[in-house]
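Worksheet for the structure shown next.
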Amino acid sequence: MDISKNEITAFANAGISASLSPRGATAMPSISVVAPAYNEQEVLGEFHRRVTEVLAGLGCDYEIVLVNDGSRDNTLALMHALRERDPHVTVVDLSRNFGKEIALSAGLDHTKGEVVVILDSDLQDPPELIPEMLASWRLGYDVVYGVRTQRDGETWFKKLTAKYFYRLIKKISRVNIPTDTGDFRLMTRRAVDAVGKLREEHRFMKGLFAWIGFPSIPVFYRRDPRAAGTTTWNYWNLWNFALEGITSFTVAPLKVATYLGLSVAVLALLYAAFVVWKALMFSDPVQGYPSLMAAMLFLGGVQLISIGLLGEYVGRIFNEVKQRPLYLVNRLLGSDLRDARLPDSGKTP
Ligand code: UDP
Ligand code: MG
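Per our numbering, the very first residue in the sequence shown carries number 29; after that it's consecutive.
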């Protein structure tokens, strides 16, 4: 069969839209909003108000899944009060503090909507953007991820390190993680289920979200400063976060040791030949101590770094092989939303 070049070009040009399955301009899915919360008693009420305003305005079925990640303040009590007044609220109370990534995963596991939106409960991600995200969903995209155009209330050092971190990870791993992207995103049910299948203990969420693929499109927004309360982040966390990102998605650092060792060995051989040659030609007495010290310390350092690197990976293997559950739920109060995964679901006429 002869397929003409023109035919192929026509299909290639239509390629972007060919991978999409449009949903109709007026389609309205059931929506789950997920928000992990750790000590957010000051903002949670306002969060619920703003999210409800947007979702009720859309006139769709919705739920708000709040995950209490072992808060030490009155966050859980507030969640229960909200749930008492509003049957759209689901409260997932984790048995202790598991960290933001796992809390978010717990929330995703408990969503029932056809479409899921992830928000930070400190109102740094504007819920008002949901209608715009839905517009992209209608075009057929599975993932609509927020990209920050501006980072208010963050130090220049954090901005700079973030920028170079994403550049680095893009270079050394196969998964393309978009720059300036957090967890703020809209995902279809199949995308959420795909992320749910990745049960690794070390959860570099941005990487996991990128790993699943599916048609994705950015939506640009201004990241607001925290509405109230304080961030739990510090530079030590940031460093560990970067380590997590790199070790979760590439083994490139392990190769560095190999090539470093190889080049040092070759250089050492050349240097040895040079010393022998000098001794033979000029009967030069070999000057040992300083060069010996330098070489020894350098090699010792390189070896320790390499072992440490190995350890980072071995430690992660250790954590993964235990196959512990990601989290434990202390108490679950589900919302009234029908589960999109159940075969008899679908909207009531
Ligand atoms: N969070 C959580 N568990 C934690 C730490 C944070 O669930 O152990 C939540 C927190 O309530 C917030 C979100 O994760 O909704 C982001 O946390 P934070 O604002 O401290 O981080 P940043 O926005 O500075 O990246
Ligand atoms: Mg925040």
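A virtual CB, placed ideally from N, CA and C, is assigned to each residue, including glycine.
### Task
Take the Cβ of isoleucine 36 as the centre, count every other Cβ of all protein chains shown within 10 Å, and call the residue buried at 16 or more, exposed below.
exposed
### C-alpha distance - asparagine 34 paired with alanine 40, whole-angstrom precision
So the alpha carbons of these two residues sit roughly 10 Å apart.
### Query
To the nearest whole angstrom, what separates the beta carbons of cysteine 88 and isoleucine 130, a pair I think is in contact under 8 Å?
Rounded to whole angstroms, the Cβ separation of cysteine 88 and isoleucine 130 is 29 Å, and the two are not in contact under 8 Å.
### Query
What are the partner residues of leucine 214, as DSSP defines its beta bridges?
Val145, Val172
### Task
Let me know the secondary structure DSSP gives proline 377 once reduced to three states.
For proline 377, the predicted structure reports a pLDDT of 42, less than 50, and the residue's modelled location is therefore unreliable. A value from the coordinates is still provided. In this structure, proline 377 counts as coil in the three-state DSSP scheme.
### Closest residue to arginine 213 among Leu226, Met233, Leu282 (Cα-Cα distance)
The residue with the shortest Cα to Cα distance from arginine 213 is Met233.
### Message
In the DSSP assignment, the alpha helix (DSSP H) including asparagine 358 goes from what residue to what residue?
### Response
Not the alpha helix (DSSP H): asparagine 358 falls in the beta strand (DSSP E), residues 357-361.
### Task
State the DSSP-derived secondary structure class of asparagine 262, mapped to helix, strand or coil.
coil
### Message
In whole angstroms, give me the CA-to-CA distance for proline 377 and tyrosine 341.
### Response
Only weak support exists for where proline 377 lies, its pLDDT of 42 falling under 50; the value from the coordinates is given anyway. In a straight line, the C-alpha of proline 377 is about 53 Å away from that of tyrosine 341.
### Query
Can you tell me whether lysine 375 is buried or exposed, with buried defined as 16 or more other CB within 10 angstroms of its CB?
Confidence in lysine 375 is poor, its pLDDT being 47 and thus under 50, which makes the residue's placement too unreliable to answer from.
### Task
Following the continuous beta strand (DSSP E) through aspartate 121, name the residue where it begins and the one where it ends.
Unbroken beta strand (DSSP E) run through aspartate 121: 117-122.
### Query
Count the other CB atoms within 10 Å of the CB of histidine 231; is the residue buried (16 or more) or exposed (fewer)?
Here residue 231 is arginine; the residue named in the question, histidine, does not match the sequence. With 16 or more Cβ atoms within 10 Å of its Cβ, arginine 231 is classed as buried.
### Query
Touch check for the stretch 93-100 and the stretch 182-196: three-plus C-beta pairs under 8 Å?
Output reads no: the stretch 182-196 does not touch the stretch 93-100.
### Query
Nearest CA to the CA of glycine 257: which residue from Thr80, Leu151, Val223, Arg218?
For the residues Thr80, Leu151, Val223, Arg218, the minimum Cα distance to glycine 257 belongs to Leu151.
### Task
List the endpoints of the continuous alpha helix (DSSP H) containing arginine 166.
158-167
### Message
In this structure, how does DSSP classify glutamine 331 when only helix, strand and coil are distinguished?
### Response
helix
### Task
Could you give the DSSP three-state label for glycine 235: helix, strand or coil?
helix
### Query
Can you tell me whether lysine 378 is buried or exposed, with buried defined as 16 or more other CB within 10 angstroms of its CB?
Residue coverage of the chain in this structure runs from 29 to 377, which leaves residue 378 outside it and unanswerable.
### Query
For glutamine 152, is the beta carbon positioned less than 7 Å from some heavy atom of the ligand UDP?
Checking every heavy atom of the ligand UDP against the Cβ of glutamine 152, one is found closer than 7 Å.
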